[in-house]
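Undergrad: Structure in structure tokens, see below.
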Amino acid sequence: MAQSTEAGAAETLSRSGVTRDADPESVGRDTDGTKAVPPLFQPFAVRSVTFKNRIVVTPMCQYCADEGHITPWHMAHHGRFALGGVGGAVVEATGITRDGRITPGCLGIWQDSHIEGLKAVTRLYHDQGTPVGIQIGHAGRKGSAAVPLEGARPLVETVPDQAWQTVAPSAIPLTADWPTPRALESAEIEALLAEFGHAAARAVAAGFDFIEVHGAHGYLIHSFFSPLSNHRSDAWGGDLAGRMRFAVEAVKAVRRVVPSDMPVFYRTSAVDSEDGSVTIEDTVALAKALKAQGVDVLDCSAGGITGASGRAKAPPAPGYLVPYAHTVRADADMPTMAVGLILEPEQAQRVVTDGSADLVALGRELIANPNFAYHAAIALGHPAPHTVLPESYAFFLSRRHIGKKTG
Ligand SMILES: Cc1cc2nc3c(=O)[nH]c(=O)nc-3n(C[C@H](O)[C@H](O)[C@H](O)COP(=O)(O)O)c2cc1C
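407 is the number that the UniProt record's numbering gives the last residue of the sequence shown; the numbers go up by one with no jumps.
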């Protein structure tokens, strides 16, 4: 690992075209002594897209889609964030095929009828000048599950008439008490890769600014990558190169159809909590291979290969996954997005200034406080914190005087 120094911090910011000196002594002050925009609120440019600030809505399944289509809940959910001043957003895991959904409540992008609802979501963010991406993926052996509020167990146990046959690189169940998936034939693998391309094309038609390929949390792509779930001896398994092939080909299928100036993100489980699964060294090798195929940002989550997502060996604690983003950023020399219990403005800003990541993804903290960006702007000494909010809110907040400056 490298770059946790002031030099690393300066490099962090210049990579995105922001040249401000990130020396901790000078953060908060411009050279003329006036207040500077804090690093968390500096823009981040990747290909043709500019994130307004470094705070990004992490993908979060809402489990209330209507046969894969957007519902009013999704609009309200994203409306909270779109009006809260985030720098960008990623729409939840969205199935590239119907059987690629995790649950019957998951969003889909397997047919053109899904485009219209997704367009309404992109419009919501674009109205606020905020870029929005969509996470496309296939659930693999973790599919055909009940929604979390109904227990998240295999549907075959609870609502068998809604269950479907899951697929995976090998016929190995998630755990002994989950259904055994069917091992994919080579021709089926090729067909699924083509579906990644079709899904990406629909995402472009819906107006998304970038695509995130879901390669994490034990779903299909991750299950190809992990030696625990991939026991194939053909070209789709075996050594590290064989196990990363599905990920690389999925990215190639996406890159082939999206405009060359559109960023592609990839969410990885940088490590697993289990021995014998993905290591950070494997992930750095994967990151280099993906970067060579045009992936721009690695979104570094963890875990999920045999159970709950987000698990690393260390128990969850504030910022517990940030070091993985830092290692990938330094060793694969590519931009990263950090996630995982990022809760406080100063903590979020440190992720950027210490060179760990270019973007900071928040989930549950944004659910708790969709105006996190505004509050962070105040806490970090932004010279005009109200300006992170939509103009019509900013207008009134800038005229609110309650004895102390609140923005
Ligand atoms: C309700 C909910 C739904 C989630 N859905 C997804 C998803 O669709 N795709 C994904 O990669 N991660 C998903 N996650 C994981 C989050 O993106 C994030 O990595 C995790 O919540 C840790 O961030 P946090 O501590 O800021 O919440 C979900 C998390 C929550 C709480």
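Yeah, the Cβ is synthetic: ideal placement off N, Cα and C, and Gly gets one too.
When the Cα atoms are used, what is the spatial distance from residue 113 to residue 69?
TA: Cα to Cα, the separation comes out at about 8 Å.
Undergrad: Please find out if some non-hydrogen atom of ligand 1 comes closer than 7 Å to the beta-carbon of residue 306.
TA: Checking every heavy atom of ligand 1 against the Cβ of residue 306, none is found closer than 7 Å.
Undergrad: Helix, strand or coil for residue 66? Go by DSSP, reduced to three states.
TA: The answer is strand: DSSP assigns residue 66 an E or B state.
Undergrad: Where residue 408 and residue 367 are concerned, what is the direct C-alpha to C-alpha distance, given to the nearest angstrom?
TA: Residue coverage of the chain in this structure runs from 1 to 407, which leaves residue 408 outside it and unanswerable.
Undergrad: Tell me whether residue 339 counts as near ligand 1, meaning its Cβ is closer than 7 Å to at least one heavy atom of that ligand.
TA: True, at least one ligand heavy atom lies under 7 Å from that Cβ.
Undergrad: Can you tell me whether residue 272 is buried or exposed, with buried defined as 16 or more other CB within 10 angstroms of its CB?
TA: It counts as buried.
Undergrad: For residue 210, which of 115, 184, 102 and 90 has the nearest alpha-carbon?
TA: Cα-wise, what sits closest to residue 210 is 90.
Undergrad: Let me know the secondary structure DSSP gives residue 339 once reduced to three states.
TA: It is coil, neither helix nor strand.
Undergrad: Give the straight-line distance between the Cα atoms of residue 278 and residue 43, rounded to the nearest whole angstrom.
TA: Taking the straight line joining both Cα atoms gives about 33 Å.
Undergrad: Considering only residues of the same chain and omitting the five flanking positions on each side of residue 289, which have a CB-CB separation below 7 Å?
TA: Correct list, in chain order: 244 and 248.
Undergrad: Check whether the Cβ atoms of residue 293 and residue 251 sit closer than 8 Å, and answer yes or no.
TA: Against a cut-off of 8 Å, the Cβ pair of residue 251 and residue 293 comes out as a contact.
Undergrad: Per DSSP, what kind of secondary structure is residue 186 in: helix, strand or coil?
TA: Of the three classes helix, strand and coil, the one that applies to residue 186 here is helix, per DSSP.
Undergrad: Under a Cβ-count criterion, where at least 16 other Cβ atoms within 10 Å of its own Cβ denotes burial, should residue 231 be classed as buried or exposed?
TA: Answer is exposed; the Cβ neighbour count stays below 16.
Undergrad: Classify residue 177 as buried or exposed, calling it buried when 16 or more other Cβ atoms lie within 10 Å of its own Cβ.
TA: Burial call: exposed.
Undergrad: Under three-state DSSP, which class holds residue 168?
TA: Strand at residue 168.
Undergrad: Helix or strand or just coil, what does DSSP make of residue 154?
TA: Strand.
Undergrad: Would you mind working out which of 81, 263, 265 and 62 sits nearest residue 390, comparing C-alpha positions?
TA: Of 81, 263, 265 and 62, the residue nearest in Cα terms is 81.
Undergrad: Just verifying my parser: in three-state terms, what is the DSSP assignment at residue 359?
TA: Strand.
Undergrad: With DSSP as the reference, label residue 414 as helix, strand or coil.
TA: Look at the range of the chain in this structure, 1 to 407, and you will see that residue 414 is not part of it.
Undergrad: Look at the Cβ atom of residue 359, then the Cβ atom of residue 40, and state whether they are nearer than 8 Å.
TA: It is not a contact, given that the beta carbons lie outside the stated cut-off.
Undergrad: Need the endpoints of the alpha helix (DSSP H) that residue 223 sits in, please.
TA: Note, residue 223: alpha helix (DSSP H), 220 to 225.
Undergrad: Once you ignore the five residues that flank residue 285 on each side, which residues in its own chain have a CB closer than 8 Å to its CB?
TA: Taken in chain order, the residues that qualify are 240 and 244.
Undergrad: Alpha carbon to alpha carbon, what distance is there between residue 49 and residue 207?
TA: Roughly 13 Å separates the two Cα atoms.
Undergrad: Using CA atoms only, rank isn't needed, just tell me which of 282, 268 and 35 is closest to residue 338.
TA: Cα-wise, what sits closest to residue 338 is 268.
Undergrad: Just curious, the beta strand (DSSP E) that residue 347 is in, first and last residue?
TA: Per DSSP, residue 347 belongs to no beta strand (DSSP E); it is in the alpha helix (DSSP H), 345 to 353.
Undergrad: With contact counted as at least three CB pairs below 8 Å, one residue from each stretch, are the region 168 to 175 and the region 221 to 237 in contact?
TA: Yes: the two stretches touch, three or more of their Cβ pairs being nearer than 8 Å.
Undergrad: Return the first residue and the last residue of the alpha helix (DSSP H) that residue 122 is part of.
TA: Segment 115 to 126, the alpha helix (DSSP H) holding residue 122.
Undergrad: Does at least one heavy atom of ligand 1 sit under 7 Å from the Cβ of residue 162?
TA: The answer is no for residue 162.
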